[in-house]
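Residue numbers (my numbering): 1 to 469. As structure tokens, the structure follows; a few thoughts come after it.
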Amino acid sequence: MSAAPRLRFAPSPTGYLHVGGARTVLFNWFVARREGGEMVLRIEDTDTERNRPELTDDILEQIQWLGLGWDGEPVHQSERQHLYAAAADRLIAAGRAYWCDCTPEQVQQRAKQRGGPPGYDGHCRDLGVERGPTTALRFRVPDDGSTSFDDLVRGTVTFDNAKLEDFVLLRSNGIPTFLLANVVDDADLGITHVVRGEEHVNGTPKYLLIGEALGLDHRPVFAHLPVLVNEQRKKLSKRRDSVSVAEFREAGYLPEAMVNYLALLGWGPKDGVEIRPVGEIVDQFRLDDVTPSPAFFDVKKLQHFNAEYIRALDADAFVERARPFFTHGHATEAVLRPIAELVRDRVRLLTEVEPMVDFLRDDEVAVDDAAWAKHVAKHGDRAATMLDAATAGLADCAWEAPAIEATLLDAATVAGFVNGEGKPQMSKAQGPVRVAVTGRAVGPPLYESLVVLGRERTLDRLRSARADL
RNA sequence: GCCCCCAUCGUCUAGUGGCCUAGGACACCACCCUCUCAAGGUGGCGACACGGGUUCGAAUCCCGUUGGGGGUGCCA
């Protein structure tokens, strides 16, 4: 029935790509993929004051990192000024726009005196102001009637034209505002679905009014996604919230986990299966099913997803993915490799990998005071005996996990770490050994770790700890 | 102030008039498993904001109240 849709993600390079933006690209991408359509990128760099061109690279890079592709070359609004200027001329010729030389201060002051709602009062509407170095072009909003549209997420939304002020189309520096540029570009690029954040709902009637005044027969379908909020239930802000996609990437999150989690903010699969391949989400995703209410970005749940995705990796892939986070590349990889699965099942973030095996890599190991107190010192003589027995036994047992286990089991019995039936209690007996050898109370399974560490280093650390008791 | 929107467990959601004494997931708690930690297993805590309608019947439809959010720029 309908032709392939054409979506667009239109970021402005005034900040890094944050999770809210990522969710917006993602939903656009879902629709494009599901319907066999396209998604184009449009860089809205019309605000010459705030623009930071270098941020465009970050935005593109993060989108790619997430595994989301786009179609064609990104379009830059800064390179399409002639289109907007032509549209503005048409609006002027049609009597739908006029020049205004009021300064923002004047507008504000009049509103204050008026006592009514803030905003422009239409002061220059019929003054016949000529274009000049300080004039802005304003759209003449109809005095009556209403403008409404059907939003895929929210249903029909209606605005009284009388409540809309005569907004600016062209700044006094000649550069268009995003209101004008958006309409012109969406029509020019053949955009069929405008999927963007909820903060744009109020701008939509202006969008429609401009399009109508321009005589465009282009009318996209709108879908305004719910905002992402922080714990205070306020819209996520780049300033107060730490939410840039790059930060999550650097913190060791997998893009697959990120995408999967983001898909669940404002949408949910009918069958309740949350963790699933992105392809399945694409198949099930529908804008009509998007929830209209704000969603809280829950890092805890994201972490859970990330851990799940990490555990689903095979050993090689895991090492591969973790490698970029190593500060001691080869050395870390060498000790990780033998126990990759054991480590993989215990981390939530890729950045946690190296710290979990550094005791295997480094010559010196720092002993954590709290761990020492709780798992070694507290046991006094029993700990000393355990350390001695372990040292003696490990000096000549076979250097493989089963033999090491048997040796430590014996040592536990000798040291008196036994239960009521005289069976060795490794939950406690492993404490002194683990802390002595790894410096910490928690870590990968002990026996396998010792195999990697090697007999000499194990014995050295055991003796060293014994000497400190 | 004005405009627009939203309202199911702490959080993300399922639910489109009867299948709901409201399901799942994260978080939390307990127990089990267990060489620490994870993972896993079992169980628990925990919600339809409130008030009116409509209907034989409402979490689901309508109205109001309350609460929350977004917008209100010569930013996007």
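Think of the CB as a built atom: it goes at the ideal place given N, C-alpha and C, for glycine as much as any other residue. It should be emphasised that the depicted structure is a prediction, and the values quoted were computed from it without experimental measurement.
- By the beta-carbon neighbour count (other beta carbons within 10 angstroms, threshold 16), Q62 is buried.
- The DSSP-derived three-state label of I43 is strand.
- H328 is classed as exposed because its beta carbon has fewer than 16 other beta carbons within 10 Å across all chains shown.
- A Cβ-Cβ distance of about 6 Å is found for the pair L55 and Y16, placing them in contact under the 8 Å criterion.
- Per DSSP, the beta bridge partners of W99 are L137.
- Contact annotation, P5 with D45: C-beta distance approximately 25 Å; criterion of less than 8 Å not satisfied.
- Pairwise C-beta distances place the stretch 260 to 277 out of contact with the stretch 244 to 251, as fewer than three of them are shorter than 8 Å.
- By the beta-carbon neighbour count (other beta carbons within 10 angstroms, threshold 16), G420 is exposed.
- The criterion of a C-beta distance shorter than 7 Å is not satisfied by P142 and N173.
- Three or more beta-carbon pairs separated by less than 8 Å are not found between the stretch 328 to 338 and the stretch 414 to 428, which leaves the two stretches without contact.
- A straight-line Cα-Cα distance of about 34 Å links V168 and A3.
- The stretch 153 to 160 and the stretch 214 to 232 touch, with no fewer than 3 CB-CB distances between them shorter than 8 Å.
- Distance check between C100 and each of G439, E73, L170 places L170 closest, using alpha-carbon atoms only.
- Here the alpha carbon of A401 sits roughly 51 Å from the alpha carbon of R239.
- Its chain contains H328, A331, T332, A334, V335 as the residues whose beta carbon lies nearer than 8 Å to that of R361, once the 5 sequence neighbours on both sides are disregarded; these appear in chain order.
- Per DSSP, A223 lies in no alpha helix (DSSP H) segment; the continuous beta strand (DSSP E) that holds it begins and ends at 221 to 225.
- A94 is positioned such that its CB atom lies no closer than 7 Å to that of L137.
- Linking T204 to V442 through their CA atoms gives a straight-line distance of about 55 Å.
- Residue pairing of R8 in beta bridges, as defined by DSSP: V40.
- Judged by their CB atoms, V229 and K235 are nearer to each other than the 7 Å cut-off.
- Residue range 340 to 344 is occupied by the alpha helix (DSSP H) that includes R344.
- As the crow flies, the alpha-carbon of D410 is around 12 Å from that of D388.
- Around the beta-carbon of K378, fewer than 16 other beta-carbon atoms lie within 10 Å, marking it exposed.
- By the CB criterion at 7 Å, F305 and A370 fall outside the cutoff.
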